[in-house]
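Enquirer: In my numbering, the protein residues as written are 339 to 1298. C-beta: ideal position from N, C-alpha, C; glycine also.
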């Protein structure tokens, strides 16, 4: 009988707890000479978190090398199969190309190519080994690009894991990188001398267009194993049972991609050289010169204009917004850094943001240091002569090289610039003044390179002259998608759903995506709706497209143009389009000449004493009584007074909470259909886009049993997905795994003022719980308020001792989390709804997209519409007792998203409906040093709990 490998790991983990606690000297003492290994071994006895335990077991070989024979003999005799690869292996993104399941599984567990040769034969797994070779060559070749981001970007496009390089890509590298690194050119030429040719796996994306799942699987196997077009066509006909008809989507795609490029092919089409993600950034340029060059290089990829752009714009202090935006597109900021061999002081930093923590950048920093050792630092616009840096402050120079390559990025500027004082200091000590030209001095040079000492906008080198302070606190926070383990054209998503029994259970999914233009490397997931600028470059003109199953943007429709030239006048000052500001205590934004402000309740200096006495903190001074009404937008408001104040007419709300009414009574559906409640809160006009709270469904004829999105019915029976639940005629209780704690109703109050039968039901709607019991009070929505009904609410204890919590607007109880309050544009939401077949935009739509940007499994996202009509986002630790580091990670995730919203970064702004966000305000939880909890051994009960988790009996934080 086959047993899930994940359950084995957990059973072994529990045995290891007992083993380490009682027989520590028999294994961990073998690691005494390597402190990092000994610490990892010892930590297995103290970890309380299921996610940390599981991941540390998988990562143990990266701390304890295989050369430590005695240790591994001892561990393997106790924990057979516990070893796991390091995430830094360059072959990781290739494992999906393995043909046999055994090889694919072995590849994901390997730490080097040698580890897979017994299972993965070179003669039968050619796509896999070809991909690994590409990755190895790419790591070497592209590291010669140094800190020239554009050159490295062109180079990396050559070594995509799932297709052959095109002529455009090869020529772009030759044209652009020739003057930067002859070594890179030579390396790339050696690799590409047999290209451009087409490989069968270049057409893998066509398989997804087959209608039947078995045909999709067979198609991928055929393209990976057969070489000639005749063999492939015969194989597809035999497996898929259909003739190559041009109207069949599979054959249409496959036969079209198999022919040489024509005028209509992507290689020569007008969009072949477009990069819509970069084109988003061009409007942020402050000079017409840089704006024009940005538009040229974004619509004609591979031109020599990049070199001129580097010289004139890259270090222009007035173009910081443009440069930061382009950096977001190329290398978005991600939490965590590990597995570096040269820039080792950057390792073990799980709550810091970096743009480029990977093997190529690590090698690039080493190459930079070697080049600088020749006595000259070559910049796009100047050369800086230096003394022998191998003798003059080598530790500082190494830190400089690593900062510029690994690129730490901070919440406010997200730039990777060293601080001016460090720059002046190192050049004063190590600059070769005899070779300085004209008026060159350390101060003059650093004014251009590092113009600030603001700790929020520059990187102090002192931070990276010593190892991370968290070196001994490992695996509390993991980063399964950093570095990206997926093949090219696939996005990495954190696995929050679990796995089918018998399948490899990894902490991530690889999902197919689309690039924003043929020349772009910026990916968005399939079925996503994306806003891209029009090719003509006219400011404020966009179209909304869908990422299709073919891997390309399709079904595009133009949006009404936005007049970005219009300004807003505030207190006699003119504000440009996109500028955020405050009027009194209200957050505001200027949008095409219109001033849009929050209606948040607050007191100002001009508020009279009488008004202060009457101030309740609720809209229109409404009393803080909780007599709920359900408005047509699906939101429960605490009283009719509040509903009227935010704009609803009396005929647009009903007394009682939204969840207390049954939208299927009376039944609005046809006889052959079933009415299913579909609770949602809409962000669009209810008159034009009705916020229907139900849907009529027919019993599905067939469901995809392989699609995993677990749901629980009202009989506490779990189903693989919603389709199967409906097919079996069951009623949905909540999304997610069935949980014993939610078997019986136990009312809880959500942050949105809605009462839920169980905590599972609240989480299913992505609403976090405020307190136990039915909702009976409305909390503060202002920093200033009188006594409220919350005084009688018994709040649960904070999840972590010493946490400085936040209290969401309208809630009663504080919690440890990162919180965003987002101001948004309703007209934009309406425009998106109109383009999407008049379907309303909901809070759930926003949360679904934002959740993809939460890269740490120890954090999850919840949210609701406040009674002041702001979107409230909460990023909350999900472990039973989160550590201070996990709380900090969730706060950092909130800071990352807040920064992307306020800068209008394409990382978020290209997604519909997130592109309607105007500005964000953030509050985050911190931990006082006295509140750090000490680790305690895992109890036998929790050991059993962990096993149940992986058997599918998922347990909520309230179960214990």
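1) Among 1111, 779, 541, which residue has its Cα nearest to the Cα of residue 1131?
2) Whose C-beta lies closer than 7 Å to the C-beta of residue 597 among residues of the same chain, with five residues either side of it excluded?
3) Could you name the residues of the same chain whose beta carbon sits closer than 7 Å to that of residue 689, not counting the 5 residues immediately before and after it, in chain order?
4) Roughly how many angstroms lie between the CA atoms of residue 1291 and residue 1192, to the nearest whole one?
5) If you run the structure through DSSP and keep just helix, strand and coil, what is residue 655?
6) Indicate the three-state DSSP secondary structure (helix, strand or coil) for residue 918 in the structure shown.
7) Quick check: what's the CA-CA separation for residue 788 versus residue 1167?
8) Report the CB separation of residue 780 from residue 766 in whole angstroms; it is logged as a contact under 8 Å.
9) Express the C-alpha separation of residue 558 and residue 461 in angstroms, rounding to a whole number.
10) Name the DSSP beta bridge partners of residue 1162, please?
11) Measure the CB-CB distance between residue 1021 and residue 1051 and report whether it falls below 8 Å.
12) Given a threshold of 16 other Cβ atoms within 10 Å of its Cβ, counted over all protein chains shown, does residue 1088 qualify as buried or as exposed?
13) Compute the beta-carbon to beta-carbon distance between residue 562 and residue 887, rounded to the nearest angstrom, for a pair I have assumed lies under 8 Å.
14) Pick out whichever of 1059, 692, 1153 has its Cα sitting closest to the Cα of residue 838.
15) Using CA coordinates, which residue listed in 802, 1250, 686, 676 is at the minimum distance from residue 734?
16) Can you tell me whether residue 1252 is buried or exposed, with buried defined as 16 or more other CB within 10 angstroms of its CB?
17) Mind pulling the beta strand (DSSP E) runs of 3 or more residues that sit fully within the stretch 680-765?
18) Taking buried to mean at least 16 other C-beta atoms within 10 Å of its own C-beta, is residue 876 buried or exposed?
19) Span of the beta strand (DSSP E) holding residue 853?
20) If the criterion is Cβ atoms closer than 8 Å, does the pair residue 683 and residue 804 meet it?
21) Could you compute how far the alpha carbon of residue 1106 sits from the alpha carbon of residue 1200?
22) Take the Cβ of residue 656 as the centre, count every other Cβ of all protein chains shown within 10 Å, and call the residue buried at 16 or more, exposed below.
23) Does the separation of the CB atoms of residue 761 and residue 724 fall below 8 Å?
24) Can you tell me whether DSSP reads residue 1333 as helix, strand or coil?
25) Counting along the chain, where does the alpha helix (DSSP H) carrying residue 475 start and finish?
26) Looking at the secondary structure, which residues open and close the beta strand (DSSP E) in which residue 1212 lies?
27) Three-state secondary structure (DSSP) at residue 1237?
28) Helix, strand or coil for residue 771? Go by DSSP, reduced to three states.
29) With a floor of 3 residues, list each beta strand (DSSP E) that falls wholly inside the stretch 967-1004, ordered by position along the chain.
30) Between residue 1258 and residue 1160, is the Cβ-Cβ spacing less than 8 Å?
31) Let me know the beta strand (DSSP E) ranges lying completely inside the stretch 1075-1142, each 3 residues or longer, listed in chain order.
32) Do residue 740 and residue 681 have their beta-carbon atoms positioned less than 8 Å apart in this structure?
33) Do you know whose CA, among 798, 577, 1150, 438, lies nearest residue 757's CA?
34) Assuming residue 622 and residue 671 make a contact with CB atoms under 8 Å, what is their CB distance in whole Å?
35) Tell me which residues share the same chain as residue 1095 and place their Cβ nearer than 7 Å to its Cβ, disregarding the 5 neighbours each side in the sequence.
36) Under a Cβ-count criterion, where at least 16 other Cβ atoms within 10 Å of its own Cβ denotes burial, should residue 575 be classed as buried or exposed?
Expert: Let's see:
1) For the purposes of this step, residue 1131 is taken as the residue at position 793 of the chain shown. The option with the nearest alpha carbon to residue 1131 is 1111.
2) Your numbering for residue 597 matches position 259 in the chain shown. With a pLDDT of 44 at residue 597, under the threshold of 50, the predicted position of this residue should be treated as unreliable, though the coordinate-derived value follows. Excluding sequence neighbours, residue 597 sits near nothing in its chain.
3) Here residue 689 refers to the residue found at position 351 of the chain shown. Around residue 689: 673, 815, 1223, 1226, 1227, 1230.
4) Along the chain shown, one-based indexing puts residue 1291 at 953. Along the chain shown, one-based indexing puts residue 1192 at 854. Any answer about residue 1291 is weak, because its pLDDT of 37 lies below 50 and its placement is not dependable; what the coordinates show is given next. For residue 1291 and residue 1192, the distance between alpha carbons rounds to 24 Å.
5) By 1-based counting over the chain shown, the position of residue 655 is 317. Correct three-state label for residue 655: helix.
6) By 1-based counting over the chain shown, the position of residue 918 is 580. If DSSP states are grouped into helix, strand and coil, residue 918 belongs with the strands.
7) Along the chain shown, read from residue 1 onward, the residue named residue 788 stands at position 450. Along the chain shown, read from residue 1 onward, the residue named residue 1167 stands at position 829. A direct Cα-Cα distance of roughly 40 Å separates residue 788 from residue 1167.
8) Locating residue 780 in the chain shown gives position 442, counting from the first residue. Locating residue 766 in the chain shown gives position 428, counting from the first residue. 5 Å between Cβ atoms; contact.
9) By one-based count along the chain shown, residue 461 stands at place 123. By one-based count along the chain shown, residue 558 stands at place 220. Using only the alpha carbons, I get a separation of about 18 Å.
10) Reading the chain shown from its first residue, position 824 is the one you call residue 1162. Bridge partners of residue 1162: 1255.
11) Working through the chain shown from its first residue, we reach residue 1021 at position 683. Working through the chain shown from its first residue, we reach residue 1051 at position 713. Contact: no.
12) On the chain shown, position 750 is the one that residue 1088 refers to. When all chains shown are included, residue 1088 counts as buried.
13) Counting from one through the chain shown, the residue named residue 562 turns up at place 224. Counting from one through the chain shown, the residue named residue 887 turns up at place 549. 20 Å between Cβ atoms; not a contact.
14) For this step, residue 838 is matched to residue 500 along the chain shown. Taking only the C-alpha atoms, the option nearest residue 838 is 1059.
15) The residue you call residue 734 lines up with position 396 of the chain shown. Cα-wise, what sits closest to residue 734 is 802.
16) On the chain shown, residue 1252 is found 914 positions in, with the first residue counted as 1. The residue is buried, with at least 16 neighbouring Cβ atoms inside 10 Å.
17) Counting only runs of 3 or more, we get 714-716, 721-723.
18) Reading the chain shown from its first residue, position 538 is the one you call residue 876. The residue in question, residue 876, is exposed, as its Cβ has fewer than 16 Cβ neighbours within 10 Å.
19) Indexing the chain shown from 1 puts residue 853 at position 515. From DSSP, the beta strand (DSSP E) with residue 853 extends over 846-853.
20) Position 345 of the chain shown holds residue 683. Position 466 of the chain shown holds residue 804. Yes.
21) If you number the chain shown from 1, residue 1106 lands on position 768. If you number the chain shown from 1, residue 1200 lands on position 862. Their Cα atoms are separated by approximately 6 Å.
22) Mapped onto the chain shown, residue 656 falls at position 318. Exposed: under 16 other Cβ atoms inside 10 Å.
23) Here residue 761 refers to the residue found at position 423 of the chain shown. Here residue 724 refers to the residue found at position 386 of the chain shown. No, Cβ-Cβ distance for residue 761 and residue 724 is not below 8 Å.
24) Because residue 1333 is not part of the residues shown, which for the chain are 339 to 1298, the question remains open.
25) Here the question's residue 475 lines up with position 137 in the chain shown. From DSSP, the alpha helix (DSSP H) with residue 475 extends over 464-481.
26) Counting from one through the chain shown, the residue named residue 1212 turns up at place 874. Segment 1209-1215, the beta strand (DSSP E) holding residue 1212.
27) The residue labelled residue 1237 in the question sits at position 899 within the chain shown. Helix at residue 1237.
28) What you label residue 771 is simply residue 433 of the chain shown in a count that begins at 1. Reduced to three states, the DSSP call for residue 771 is helix.
29) Runs of the beta strand (DSSP E) inside the stretch 967-1004: 967-969, 991-993.
30) For the purposes of this step, residue 1258 is taken as residue 920 along the chain shown, with counting starting at 1. For the purposes of this step, residue 1160 is taken as residue 822 along the chain shown, with counting starting at 1. Yes, these two residues count as a Cβ contact at 8 Å.
31) 1086-1088, 1107-1110
32) Walking along the chain shown from the start, residue 681 turns up at place 343. Walking along the chain shown from the start, residue 740 turns up at place 402. Taking 8 Å as the Cβ cut-off, residue 681 and residue 740 qualify as a contacting pair.
33) In the chain shown, the residue the question calls residue 757 occupies position 419. If we check each option's Cα against that of residue 757, 798 comes out closest.
34) In the chain shown, the residue the question calls residue 622 occupies position 284. In the chain shown, the residue the question calls residue 671 occupies position 333. Not really, about 17 Å apart at Cβ, beyond 8 Å.
35) The residue labelled residue 1095 in the question sits at position 757 within the chain shown. Once the five neighbours on either side are set aside, the close Cβ partners of residue 1095 are 1083, 1085.
36) In the chain shown, residue 575 corresponds to position 237, counting from 1. Residue 575 should be labelled exposed.
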